[in-house]
Structure formats: C-alpha cells, structure tokens
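To keep things clear, I will list the structure first and then write my remarks on it.
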Amino acid sequence: MTASPATAEVRRVLTPPERYQFGASVRPLLVPGHDPCGHFRNDELWLALRTPEGPATLHLARSGGELLATGHGPGAAWVAERADAIAGLRDDLTAFAELAAGHPVVARLARTFAGVRMPATGQVFPRLLRAILEQKVTGKEAHRSYREICRRFGEPAPGPAGLVLPPDPAAVAATPYWEFHPFGVEQRRTQTLVRAAQVAGRLERCAGSAEAVRRMTALPGIGPWTAAEVVRVAYGDADAVSVGDFHIPNTVAYALAGEPRGTDERMLTLLAPFPGHRGRVCDLLAMGGLTAPKYGPRMPVRSFARF
2 MTASPATAEV RRVLTPPERY QFGASVRPLL VPGHDPCGHF RNDELWLALR TPEGPATLHL
62 ARSGGELLAT GHGPGAAWVA ERADAIAGLR DDLTAFAELA AGHPVVARLA RTFAGVRMPA
122 TGQVFPRLLR AILEQKVTGK EAHRSYREIC RRFGEPAPGP AGLVLPPDPA AVAATPYWEF
182 HPFGVEQRRT QTLVRAAQVA GRLERCAGSA EAVRRMTALP GIGPWTAAEV VRVAYGDADA
242 VSVGDFHIPN TVAYALAGEP RGTDERMLTL LAPFPGHRGR VCDLLAMGGL TAPKYGPRMP
302 VRSFARF
C-alpha cells in the first residue's frame, strides 16, 4: 500500500481470483439506475463512504489481471485497507462447491457465476437506510426515495467523481418525520429510520453479523428481512436469508423443488442443505433469472408525497 500525503490518496494493488467477475460482484453496492453515492462505469467502481477516520471515496479499477484500489480523502487509508473486502475478495467459498453439487440447479449456477464474490463494506447504516426504505414498497419507489434523501443530506465526497457521502446518521436522527414526506416516505418507515440513526454508532461497532442482527432486530420496525439485507452487504454474510420477502420463498420453492409457491418455512427447509451459504444460493437463483410463475397483478407504484 502506498500513500500520497499531498493529495490525501492511498493506493493498493489487489489480485483477484481466477474468473473473478468485477461488475457482478460490486454492483449490489449501488442502487440501480443512479446512486448519488457511487457508480460503476467502464469497469471502474467509485464509492463514497463515511469511515471511522473520516469521509472517503474508493476507486477500484481493472488493470490487466489486477485490481487497482485508490482511496481519497481523510478516510483514504481505511478504504484502501478494506478495498479487497469491498471488492468481495475476502468472500470465503470454502466447501461451497461440494454443497452446491447436491442440487443440479445450484451446481449449474455455482459454475456459471463462479467468479462472483460477495462484498463486505463494513458499513451498517448506509445499507440499513436503503433496506428500511425498501420495506413494503416497490424497488422503484424505494430507490427514488433513497436518491432524494442522499441529495438532501449528502455532502460532497472527496475525490474527483462528483459523489456525495451517505447521509450522516446524526443529521437524519435530528430531522422531524414530516420532512421525509416529500421524499415519498411515510411516518412508519421514517420513525424506523430515525430510531436506527439514533443508535447508528453502536450498530457500526458490532463485532460481526450475528451481533448486528441482534441489535437491529431489537429496534421496532426492523425484522429479519431488513437485518438480512444489511448484513449480506455490510459483513458479506453468505448465510443471511431475507425471511419475509414477497418473492424469494416462491423463487426458492420453484427453482429447487418445482413448486410454484412457497412459504418462509418451506424456503428454509429447501435451503437447509446449504449451511453457511443459504443467502448465496438465493443470490445465485436471482442472478440466474429464475423466478416462480406470476399469477397476480404487479404491486402499484405509489407516491406518499402526494398523500
């Protein structure tokens, strides 16, 4: 790792594993469409973070068989040191091939997406913000709210990418709920978000995924689905299953057992042969485009700002 004090940059060279798929590994870190806090273009990732050492922007870029990591800003050393985890290079697939071989669909997907790794940002609150906004609404609604909240609370991030930092939890906690209404967020989700922001410091200090899940689910308005969505990205928890999801139980039941509909209980039973990697199996099914038959109308897109 090399540092440039004059420009507050820290550089590091990473060596990805064979067949590593850079884009597929890091895109889950970004909100689809446009993310004010990051973007992936031309095989390069730019990501703004609030680190324990201060604001930072991480730049990851392919160079031959290597991945060049550059940290910008006061937190440059922190993001450079964690760059391999953010790129998914600390993801441990030990024994997964053997487990995947037990089901033909999972085995095929594991081979197809062998180069995809699960990132681990080490950042709880930014992903928790997004997960709370995604509760009980369409992705389009949630992502629109996320973008507007980031623009409202975000501050310019270090570096040349023109990003904003994720919202400061203290600023979110100090904001009355009605100020979130124009962003399309009703009182219930706003109150959950404010409660999470009030204890964000304790959440960020969790020693690992299990402790983070316990602390998050102790907060009113945060259940297993929200917690799993967070720890899968913040800690790279490959076993985190989004229990309570509208689609995933059906997808798992259809892909693994040919059943068009499934419950959370049935989903967990079908995922039991993949201990330590149950969330990874769900991700593989999504990457493979496997979905259960659709029988009903789509959930409508609404705007709480107009209510």
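Per this note's numbering, residue 2 is the first one in the sequence shown, and the count goes up by one each step. Don't be surprised by glycine CBs; every beta carbon is placed ideally from N, CA and C. Keep in mind the model is a prediction, meaning the values are calculated, not measured.
### Task
Taking only runs that begin and end inside the stretch 52-139, name each unbroken beta strand (DSSP E) of 3 or more residues, in chain order.
Fully enclosed beta strand (DSSP E) runs of no fewer than 3 residues occupy 55-64 and 67-73 of the stretch 52-139, in order along the chain.
### Query
Applying the criterion that 16 or more other CB atoms from any shown protein chain within 10 Å of the CB defines a buried residue, is Q188 buried or exposed?
So Q188 counts as exposed.
### Message
Between Q22 and V117, how many whole angstroms is the CB-CB distance? I'm expecting something under 8 Å.
### Response
Rounded to whole angstroms, the Cβ separation of Q22 and V117 is 5 Å, and the two are in contact under 8 Å.
### Task
Check the C-beta distance from E142 over to G74 and give it rounded, since I have them as a contact under 8 Å.
With 8 Å as the limit, E142 and G74 do not qualify as a contact, their Cβ atoms being about 32 Å apart.
### Task
Classify G50 as helix, strand or coil using the three-state DSSP reduction.
Checking the sequence shown, residue 50 turns out to be Leu, not Gly. Note: L50 maps to strand in three-state DSSP.
### Query
If you pair each beta-carbon of the stretch 158-165 with each one of the stretch 194-210, do three or more pairs fall below 8 Å?
The stretch 158-165 is not in contact with the stretch 194-210.
### Classification of T292 by the beta-carbon crowding that lies within 10 angstroms, buried from 16 upward
It is exposed - the Cβ of T292 has fewer than 16 other Cβ atoms within 10 Å.
### C-beta atoms of A158 and A49 nearer than 7 Å
The criterion of a C-beta distance shorter than 7 Å is satisfied by A158 and A49.
### Query
Thinking C-alpha only, which one of G103, R148 and P53 is nearest A273?
A273 has its Cα closest to that of G103, out of G103, R148 and P53.
### Query
How far does the alpha helix (DSSP H) with V173 in it reach, from first residue to last?
Counting along the chain, the alpha helix (DSSP H) containing V173 begins and ends at P170 to A174.
### Query
To which residues of the same chain is R20 closer than 8 Å at the C-beta, ignoring the five residues directly before and after it?
If we look at R20 and ignore the five residues flanking it on each side, its Cβ neighbours are A115 and G116.
### Query
How big is the Cα-Cα spacing for G24 and D284?
The alpha-carbon atoms of G24 and D284 are separated by roughly 15 Å.
### Task
Below 6 Å CB to CB, which residues in the same chain sit around E149 once its five sequence neighbours on both sides are set aside?
Only F184 meet the Cβ criterion.
### Task
Give, in chain order, every unbroken run of the beta strand (DSSP E) that is at least 3 residues long and sits entirely within the stretch 6-38.
Annotation: the stretch 6-38 contains the following complete segments of the beta strand (DSSP E) (minimum length 3 residues), in chain order: 10-15.
#### Entry: Paired residues, beta bridge with V165 - DSSP
Residue pairing from DSSP places V165 in a beta bridge opposite P157.
### Query
Okay, do the stretch 54-66 and the stretch 119-130 touch, 3+ Cβ pairs below 8 Å being the bar?
Output reads no: the stretch 119-130 does not touch the stretch 54-66.
### Query
Do you know offhand how far D246's Cα is from E230's?
Their Cα atoms are separated by approximately 10 Å.
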